[in-house]
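Colleague:
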Amino acid sequence: MSTRNTTSYAEFAQPVVRIKGLKKAFGDNVVLRDVNLEVDRGEVVCILGPSGSGKSTILRCINLLETPTSGEVWFEDTQVNAKGTDINKMREHIGMVFQQFNLFPHLTARGNVELALRQVQKKSKDEAKDIACEMLERVGLADRSEYYPSQLSGGQQQRVAIARALALAPHVMLFDEATSALDPELVRDVLDVMRNLAEGGMTMIVVTHEMSFAREAADRVIFMDEGVIVEEGTPTQIFDNPQHERTKDFLGHLA
Amino acid sequence: METILHVFFNLEVMKQALPIVAAAFPVSLIFGFGGFLLAIPGGLTLAFMKMARYRLLRWPATVYVDVVRGTPLALQILILYFGLPFLPIYNVIAAPLSGIDVLGINATVYLRGLLILSLNSSAYLCEIFRAGIQSIPRGQMEAARSLGLSLPRSMAFVILPQTVRRILPTMMSEFILLFKDTALLASVAVMEMTLASKIIAGRVFNQSSYVVAACFYLLLTIPLGRLVSYMENRLAESEGDAA
Numbered sequence: 001m002s003t004r005n006t007t008s009y010a011e012f013a014q015p016v017v018r019i020k021g022l023k024k025a026f027g028d029n030v031v032l033r034d035v036n037l038e039v040d041r042g043e044v045v046c047i048l049g050p051s052g053s054g055k056s057t058i059l060r061c062i063n064l065l066e067t068p069t070s071g072e073v074w075f076e077d078t079q080v081n082a083k084g085t086d087i088n089k090m091r092e093h094i095g096m097v098f099q100q101f102n103l104f105p106h107l108t109a110r111g112n113v114e115l116a117l118r119q120v121q122k123k124s125k126d127e128a129k130d131i132a133c134e135m136l137e138r139v140g141l142a143d144r145s146e147y148y149p150s151q152l153s154g155g156q157q158q159r160v161a162i163a164r165a166l167a168l169a170p171h172v173m174l175f176d177e178a179t180s181a182l183d184p185e186l187v188r189d190v191l192d193v194m195r196n197l198a199e200g201g202m203t204m205i206v207v208t209h210e211m212s213f214a215r216e217a218a219d220r221v222i223f224m225d226e227g228v229i230v231e232e233g234t235p236t237q238i239f240d241n242p243q244h245e246r247t248k249d250f251l252g253h254l255a
Numbered sequence: 001m002e003t004i005l006h007v008f009f010n011l012e013v014m015k016q017a018l019p020i021v022a023a024a025f026p027v028s029l030i031f032g033f034g035g036f037l038l039a040i041p042g043g044l045t046l047a048f049m050k051m052a053r054y055r056l057l058r059w060p061a062t063v064y065v066d067v068v069r070g071t072p073l074a075l076q077i078l079i080l081y082f083g084l085p086f087l088p089i090y091n092v093i094a095a096p097l098s099g100i101d102v103l104g105i106n107a108t109v110y111l112r113g114l115l116i117l118s119l120n121s122s123a124y125l126c127e128i129f130r131a132g133i134q135s136i137p138r139g140q141m142e143a144a145r146s147l148g149l150s151l152p153r154s155m156a157f158v159i160l161p162q163t164v165r166r167i168l169p170t171m172m173s174e175f176i177l178l179f180k181d182t183a184l185l186a187s188v189a190v191m192e193m194t195l196a197s198k199i200i201a202g203r204v205f206n207q208s209s210y211v212v213a214a215c216f217y218l219l220l221t222i223p224l225g226r227l228v229s230y231m232e233n234r235l236a237e238s239e240g241d242a243a
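Chains as they are written, first to last, in the working numbering: chain A, 1 to 255; chain B, 1 to 243.
Structure representation (structure tokens):
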């Protein structure tokens, strides 16, 4: 504790994200049945599972892009899905990276990063610019700051999207299949950025199909199927010694 | 051939008509541009109402758009031009204007004409705006919201700037339509270009003054039409790039 004297014990011990009994249904289609999950500060959690298993929906419930049908989602000491929660304030601290990048095509790379700094955090023009340039440099795109998304490769676009989320100094980063839409040769650059973040102590929840990333970077791996967490453990436990049939099946199919 | 020249392109008549039609050109411009500018906020409001979550906002907008688009503008002009003065609210706005003349026409005439044209055009713009906004991929709104931008800010800084780029050609086509439709105000004796040329035509029993008016309309509609196709091509190219 002594090295972190600015952080109270309560804050340090408290999970960043806490999910209790989360259910999500779209009409008759139940996507999440009963999900319980806690993610601690600095932890990197990778969520694996076949498509349609509800992985992305968990992420989207954390920042309320989807409203949970029932259950509780907590971010630090606030219940995200409670009435009266200032969701915009929450989202400022929850960075999200999408499969399709979702960069704003009418803004340059720098403009994409600056927008929320200016409009949400009310930073001055100069301050926003400084932060944006710093973030773009961090993802290796300092020389692309004045490019529009359509002038960038998929991998570069995704790195701008990461910079855009990082600029707000989020307490947790959600990655929703961040490399799935990329050509294989572009995946590496994005994964490198994510690996750096993980090593830098960022709390991350990563939905991915990149097994090598999960194995190297994750503190904990979660395997999901049909809306429930089937199995979780360290990467070694899950990859080398899976307990559950469905996990073995899934990992076997990948090999 | 000679008859055609005499009836439609009589130089004497055209010379006589030119200054009178030219004097009415700014009147048509005021109705066209003014009506269109007023229709933009109206169209946006209707578009947001039609996309609202609450039925109480949605259905009045739907009914309004259906009624306006489903009836002739010529009829709307007859109903409202003579009907508006019976409304107390209208008179509150019109009273201070009654003593003012612009280009030889009373300001209340402009008020009524502009109101009618913008009420009409806003219904068409509503559908243009709505289609444009809904053509922006969902992920754009999600990305904006996930950064902590409120719904209005996401609209203002992310969705609408992209929408405007996309719908600008369609909006300009709508403006061209509206500009031509200002001619319908002739039916209620508003001295715009069509009525101005009609007065001469009636006086000399010759159609050439109408041709002069037609030229004035074309002066605006042809360059704008070209601009629309140019912008559509450019848009098609840039969207192709992004994909």
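The beta-carbon is built from N, C-alpha and C at its ideal position, and this holds for glycine as well.
#1: According to DSSP, simplified to helix, strand and coil, what is residue 227 of chain A?
#2: Which value, in whole angstroms, describes the spacing of the CA atoms of residue 20 of chain A and residue 31 of chain A?
#3: Going by other Cβ atoms of all chains shown within 10 Å of its Cβ, with 16 needed for buried, is residue 120 of chain A buried or exposed?
#4: Just confirm the distance between the C-beta atoms of residue 213 of chain B and residue 21 of chain B, as a whole number of angstroms; I'd bet it's less than 8 Å.
#5: How about residue 103 of chain A and residue 149 of chain A: are their beta carbons less than 7 Å apart?
#6: Short check: CB of residue 41 of chain A to CB of residue 16 of chain A, under 7 Å?
#7: With a cut-off of 8 Å on the beta carbons, I'd call residue 35 of chain A and residue 62 of chain A a contact; round off their distance for me.
#8: Under 7 Å between the Cβ atoms of residue 100 of chain A and residue 180 of chain A?
#9: Inspect the beta-carbon positions of residue 122 of chain B and residue 225 of chain B and report whether they are closer than 7 Å.
#10: Count the other CB atoms, across all protein chains shown, that sit within 10 Å of the CB of residue 136 of chain A; report buried if there are 16 or more and exposed otherwise.
#11: So is residue 215 of chain B buried or exposed if we call it buried at 16+ other beta carbons inside 10 Å?
#12: What three-state label does DSSP hand residue 4 of chain A in the structure shown?
#13: At what residues does the beta strand (DSSP E) containing residue 206 of chain A begin and finish?
#14: Are the beta-carbon atoms belonging to residue 205 of chain A and residue 45 of chain A less than 7 Å from one another?
#15: So residue 211 of chain A contacts chain B; which residues on that side make the cut at Cβ distance below 7 Å?
#16: Where residue 43 of chain A and residue 200 of chain A are concerned, what is the direct C-alpha to C-alpha distance, given to the nearest angstrom?
#17: Between B:237, B:169, B:203 and B:178, which lies nearest to residue 37 of chain B when the distance is taken from Cα to Cα?
#18: Check whether chain B comes within 7 Å of residue 65 of chain A, counting only Cβ atoms and requiring the distance to be less than that.
#19: Which first and last residues belong to the beta strand (DSSP E) in which residue 41 of chain A is found?
#20: For residue 101 of chain B, which three-state DSSP category applies?
#21: Mapping DSSP to helix, strand and coil, what is residue 78 of chain A?
#22: Listed in chain order, which residues of the stretch 115 to 148 of chain A have Cβ atoms closer than 7 Å to some Cβ of chain B?
#23: Quick one: is residue 245 of chain A buried, meaning 16 or more other Cβ sit within 10 Å of its Cβ, or exposed?
#24: So, helix, strand or coil for residue 34 of chain A, using DSSP?
#25: List the residues of chain B whose Cβ lies closer than 7 Å to the Cβ of residue 171 of chain A, in chain order.
#26: In whole angstroms, give me the CA-to-CA distance for residue 227 of chain B and residue 220 of chain B.
#27: Report the neighbours of residue 162 of chain B on chain A: residues whose CB is nearer than 8 Å to its CB, in chain order.
#28: Could you tell me which chain B residues have their CB closer than 9 Å to the CB of residue 168 of chain A, listed as they occur along the chain?
#29: Within the same chain, show all residues whose beta-carbon is closer than 6 Å to that of residue 219 of chain A, passing over the 5 residues directly before and after it, in chain order.
#30: Can you give the beta carbon distance from residue 139 of chain A to residue 193 of chain A, rounded, assuming they're within the 8 Å contact cut?
#31: What residue range is occupied by the uninterrupted beta strand (DSSP E) comprising residue 95 of chain A?
#32: Using a C-beta to C-beta distance shorter than 8 Å, which residues of chain B count as neighbours of residue 79 of chain A?
#33: Output, in chain order, the set of chain A residues within a Cβ distance shorter than 9 Å of residue 142 of chain B.
#34: Note down, in chain order, all residues in the stretch 82 to 96 of chain A with a beta-carbon under 9 Å from any beta-carbon belonging to chain B.
#35: Return the chain-ordered list of same chain residues with a C-beta closer than 6 Å to the C-beta of residue 56 of chain A, the five sequence neighbours on each side being excluded.
#36: Interface residues of chain A around residue 165 of chain B at Cβ under 8 Å?
Modeller: For this structure:
#1: For this step, residue 227 of chain A is matched to residue 227 along the first sequence. In the structure shown, the three-state DSSP call for residue 227 of chain A is coil.
#2: The count along the first sequence starts at 1 and reaches residue 20 of chain A at position 20. The count along the first sequence starts at 1 and reaches residue 31 of chain A at position 31. Between the C-alpha atoms of residue 20 of chain A and residue 31 of chain A there is a straight-line separation of about 15 Å.
#3: Here residue 120 of chain A refers to the residue found at position 120 when the first sequence is read from its first residue. Per the 10 Å Cβ criterion, buried.
#4: Residue numbering aside, residue 213 of chain B sits at position 213 when the second sequence is read from its first letter. Residue numbering aside, residue 21 of chain B sits at position 21 when the second sequence is read from its first letter. Their Cβ separation, rounded to whole angstroms, is 5 Å, which keeps residue 213 of chain B and residue 21 of chain B in contact under 8 Å.
#5: The residue you call residue 103 of chain A lines up with position 103 of the first sequence. The residue you call residue 149 of chain A lines up with position 149 of the first sequence. It is a contact, given that the beta carbons lie within the stated cut-off.
#6: Here residue 41 of chain A refers to the residue found at position 41 of the first sequence. Here residue 16 of chain A refers to the residue found at position 16 of the first sequence. Yes, they are a contact pair.
#7: Here the question's residue 35 of chain A lines up with position 35 in the first sequence. Here the question's residue 62 of chain A lines up with position 62 in the first sequence. Actually they do not touch by this definition, with Cβ atoms about 11 Å apart.
#8: Mapped onto the first sequence, residue 100 of chain A falls at position 100. Mapped onto the first sequence, residue 180 of chain A falls at position 180. Note that the C-beta distance between residue 100 of chain A and residue 180 of chain A is not below 7 Å.
#9: For the purposes of this step, residue 122 of chain B is taken as residue 122 along the second sequence, with counting starting at 1. For the purposes of this step, residue 225 of chain B is taken as residue 225 along the second sequence, with counting starting at 1. Their beta carbons are not under 7 Å apart, which means residue 122 of chain B does not touch residue 225 of chain B by this criterion.
#10: Stepping through the first sequence from its first residue, residue 136 of chain A is reached at position 136. Its Cβ being crowded by 16 or more others within 10 Å, residue 136 of chain A is buried.
#11: Locating residue 215 of chain B in the second sequence gives position 215, where the first residue counts as 1. Flag for residue 215 of chain B reads exposed.
#12: Reading the first sequence from its first residue, position 4 is the one you call residue 4 of chain A. No answer about residue 4 of chain A holds up, because its pLDDT of 42 lies below 50 and its placement is not dependable.
#13: Against the first sequence, residue 206 of chain A aligns to sequence position 206. Residue 206 of chain A -> beta strand (DSSP E) spans 204 to 207.
#14: The residue labelled residue 205 of chain A in the question sits at position 205 within the first sequence. The residue labelled residue 45 of chain A in the question sits at position 45 within the first sequence. Residue 45 of chain A is positioned such that its CB atom lies closer than 7 Å to that of residue 205 of chain A.
#15: Locating residue 211 of chain A in the first sequence gives position 211, where the first residue counts as 1. Simply none; closest approach about 26 Å.
#16: For the purposes of this step, residue 43 of chain A is taken as residue 43 along the first sequence, with counting starting at 1. For the purposes of this step, residue 200 of chain A is taken as residue 200 along the first sequence, with counting starting at 1. Residue 43 of chain A and residue 200 of chain A have their C-alpha atoms spaced approximately 11 Å apart.
#17: Locating residue 37 of chain B in the second sequence gives position 37, where the first residue counts as 1. Nearest of B:237, B:169, B:203 and B:178 to residue 37 of chain B, Cα basis: B:178.
#18: The residue labelled residue 65 of chain A in the question sits at position 65 within the first sequence. Yes - at least one Cβ of chain B is within 7 Å of the one on residue 65 of chain A.
#19: If you number the first sequence from 1, residue 41 of chain A lands on position 41. DSSP places residue 41 of chain A in no beta strand (DSSP E); its state is neither H nor E.
#20: Here the question's residue 101 of chain B lines up with position 101 in the second sequence. DSSP places residue 101 of chain B in strand when its eight states are reduced to three.
#21: Position 78 of the first sequence, counting from 1, holds the residue named residue 78 of chain A. Three-state result, residue 78 of chain A: strand.
#22: Of all residues in the stretch 115 to 148 of chain A, 115, 116, 119 and 120 have a Cβ within less than 7 Å of some Cβ in chain B.
#23: For the purposes of this step, residue 245 of chain A is taken as residue 245 along the first sequence, with counting starting at 1. Residue 245 of chain A should be labelled exposed.
#24: Stepping through the first sequence from its first residue, residue 34 of chain A is reached at position 34. Strand, per DSSP.
#25: Translated into the one-based positions of the first sequence, residue 171 of chain A becomes position 171. None at all; the shortest Cβ gap to chain B is about 13 Å.
#26: Translated into the one-based positions of the second sequence, residue 227 of chain B becomes position 227. Translated into the one-based positions of the second sequence, residue 220 of chain B becomes position 220. The straight-line gap from Cα to Cα measures roughly 11 Å.
#27: To locate residue 162 of chain B, count along the second sequence from 1; it is residue 162. The contacting residues are 104, 105 and 106.
#28: Locating residue 168 of chain A in the first sequence gives position 168, counting from the first residue. Ordered by position in chain B, the residues that pass the 9 Å Cβ test against residue 168 of chain A are 147 and 148.
#29: Within the first sequence, numbered from 1, the residue matching residue 219 of chain A stands at position 219. If we look at residue 219 of chain A and ignore the five residues flanking it on each side, its Cβ neighbours are 43 and 44.
#30: Here residue 139 of chain A refers to the residue found at position 139 when the first sequence is read from its first residue. Here residue 193 of chain A refers to the residue found at position 193 when the first sequence is read from its first residue. Taking C-beta atoms under 8 Å as the contact rule, residue 139 of chain A and residue 193 of chain A qualify, at a distance of about 5 Å.
#31: Here residue 95 of chain A is taken as the residue at index 95 of the first sequence, counted from 1. Start and end: 94 to 97.
#32: Position 79 of the first sequence, counted from the first residue, corresponds to residue 79 of chain A. Per Cβ cutoff of 8 Å: no residues; residue 79 of chain A is ~18 Å from chain B at best.
#33: As a first step, residue 142 of chain B must be located in the second sequence, where it is residue number 142. By Cβ distance, chain A contributes 60, 65, 96, 98 and 102.
#34: Residues 87, 88, 89, 90, 91, 92, 93, 94, 95 and 96.
#35: Translated into positions along the first sequence, residue 56 of chain A becomes position 56. Excluding its 5 nearest sequence neighbours in each direction, residue 56 of chain A has C-beta neighbours in its own chain below 6 Å: 176 and 207, listed in chain order.
#36: Position 165 of the second sequence, counted from the start, is the residue given in the question as residue 165 of chain B. 106, listed in chain order.
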